[in-house]
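Enquirer: Questions regarding the structure given below will be posed in turn.
Residue numbers (the working numbering): 632 to 1045.
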């Protein structure tokens, strides 16, 4: 029997009206009931109207024809189920029980898996596509998404390089110096005395140059930049000298337009004190500075010590200075609590002029409340200057700590 056009039209309307309000099991039964009522050609008609699979419609017809065999009618514990036990597509692991074992074997045998056996986190250098390709050679056909989920289950993740191994032999006073810095910092912080971490960020070219990273822009509206990275003499470079204050998670950047010299380093710390420090720590009698052992504020640079002496005379504070051991600059707080966030904030944006740099640095913030002040230093600093004997003799300096070249106190000259 073939249903009339009126019947088919009515059934179509019922299907379209009811489908949005039913769950999977109820829809299946409705499809089966409609196909049964329509008779010959009913399955094809319901399939065309609803888009459901034909085997789903035939399953519904069986449930309509034999209701005593359904869970809902039998009153079993499973009466609330939508699908029969075991129904639905099998997982990749059910189809291939050795999937995880095979993935582990592939990346282990090729020597591209790394990790600490004491930690659950591991990583591999192989791409998802490459692993999926190797699995296919073994007769296991899976997508890259399935490989990704399997790697997660096995404890693998993508990891960036981490600088850990020191080139050359470790300095015998390295650990003792770290302990000294930590102990001195804790003492100052407990007493509310300022502790700052200082360093110069790498020089940046000014101009419409490519800046690593990406920014959100309208589709197909990439920012156009120069096709080379040669400095433009008329625009020059900038040297951001950073001061990170451990006490209150604040940063100060003295943006130099000249050379990175000991005089520039000393002036940067002095500018921080004049602009911020003396207002934040009005009663401070001591200041603790941590910095690298090299560069313009290196432990062997006597001219740097001279400018610290000038600051001590100006502020009448005792200034404690500790240098990190050679090769350990990544532990300097200014690196991973200030400079890294500045780099993230301006990624993908050309540093077209000094004003842009100042604005990008000054707008750097973090969820933990970092705030940054940036000022432009237009002074010219002459490279190659040396400390005079008179200036050296005028240093009121005391060396201390586990390694005396790394730790000293400079007191005001009365």
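Ideal Cβ placement from N, Cα and C applies to all residues, glycine included. The structure displayed is predicted, hence computed values, not measured ones.
Expressed to the nearest angstrom, what Euclidean distance is found between the alpha-carbon atoms of residue 733 and residue 776?
Expert: Going from the Cα of residue 733 to the Cα of residue 776 covers about 16 angstroms.
Enquirer: Counting pairs of Cβ atoms below 8 angstroms between the stretch 980 to 993 and the stretch 893 to 903, do you hit three or more?
Expert: Result no; under three Cβ-Cβ pairs closer than 8 angstroms.
Enquirer: Candidates 1009, 786, 805, 884: which alpha carbon is nearest residue 731's?
Expert: Checking every option, the nearest Cα to that of residue 731 belongs to 786.
Enquirer: So the candidates are 838, 762, 859, 649; which of them puts its Cα closest to the Cα of residue 780?
Expert: Considering only alpha carbons, the answer is 762.
Enquirer: Counting C-beta neighbours from all protein chains within 10 Å, is the total for residue 975 16 or more, i.e. buried, or is it exposed?
Expert: Label assigned to residue 975: exposed.
Enquirer: DSSP on residue 786, reduced to helix/strand/coil?
Expert: Residue state, collapsed to three classes: coil.
Enquirer: Would you tell me roughly how many angstroms separate the C-alpha atoms of residue 827 and residue 978, rounded to the nearest one?
Expert: The alpha-carbon atoms of residue 827 and residue 978 are separated by roughly 26 angstroms.
Enquirer: Can you look up residue 1075 in the DSSP assignment and give me helix, strand or coil?
Expert: Here the chain comprises residues numbered 632 to 1045, so residue 1075 is not present and cannot be evaluated.
Enquirer: Can you tell me the Cα-Cα spacing of residue 885 and residue 729, whole angstroms?
Expert: Spanning the two alpha carbons is a distance of roughly 59 angstroms.
Enquirer: DSSP has residue 949 in a bridge; who is on the other side?
Expert: Looking at the DSSP assignment, residue 949 forms a beta bridge with 917.
Enquirer: Keeping to the same chain, check which residues put their C-beta closer than 7 angstroms to that of residue 997; ignore five residues upstream and five downstream.
Expert: Same-chain partners within the cutoff: 972.
Enquirer: How would you label residue 586, buried or exposed, when you count the other beta carbons within 10 angstroms and need 16 or more for buried?
Expert: There is no way to answer for residue 586, as the model of the chain reaches only from 632 to 1045.
Enquirer: Would you kindly work out how many angstroms separate the C-alpha atoms of residue 817 and residue 872, rounded to a whole number?
Expert: Distance between the alpha carbons of residue 817 and residue 872: 24 angstroms.
Enquirer: Please list the terminal residues of the continuous beta strand (DSSP E) segment that includes residue 885.
Expert: Here the beta strand (DSSP E) through residue 885 covers 881 to 887.
Enquirer: Check the DSSP bridge columns for residue 1006 and list the partner residues they point to.
Expert: Beta-bridge pairing links residue 1006 to 885.
Enquirer: Which residue from 652, 660, 834 puts its Cα closest to that of residue 889?
Expert: Measuring from the Cα of residue 889, the nearest candidate turns out to be 834.
Enquirer: Between the alpha carbons of residue 648 and residue 639, how many angstroms are there, rounded?
Expert: Taking the straight line from one Cα to the other gives about 14 angstroms.
Enquirer: Tell me which residue opens and which closes the alpha helix (DSSP H) that residue 643 is part of.
Expert: From DSSP, the alpha helix (DSSP H) with residue 643 extends over 636 to 649.
Enquirer: When you compare each of 665, 654, 914 to residue 644 by their alpha carbons, which one comes out closest?
Expert: Checking every option, the nearest Cα to that of residue 644 belongs to 665.
Enquirer: Kindly indicate the opening and closing residues of the beta strand (DSSP E) around residue 663.
Expert: Looking at the DSSP string, residue 663 is not in any beta strand (DSSP E); the run it does join, the alpha helix (DSSP H), is 655 to 669.
Enquirer: What is the DSSP secondary structure of residue 1030, reduced to helix, strand or coil?
Expert: Residue 1030 falls in the strand class under three-state DSSP.
Enquirer: Residues bridged to residue 835 by DSSP?
Expert: DSSP output for residue 835 lists 869 as bridge partner(s).
Enquirer: Please state whether DSSP places residue 930 in a helix, a strand or coil.
Expert: Of the three classes helix, strand and coil, the one that applies to residue 930 here is coil, per DSSP.
Enquirer: Is the beta carbon of residue 1009 within less than 7 angstroms of some heavy atom of the ligand SAM?
Expert: For the structure depicted, the ligand SAM is absent and the ligand set is empty, with no information on it obtainable.
Enquirer: Determine the extent of the alpha helix (DSSP H) in which residue 1025 is found, giving its start and end residues.
Expert: Neither: residue 1025 is in no alpha helix (DSSP H) and is coded neither H nor E.
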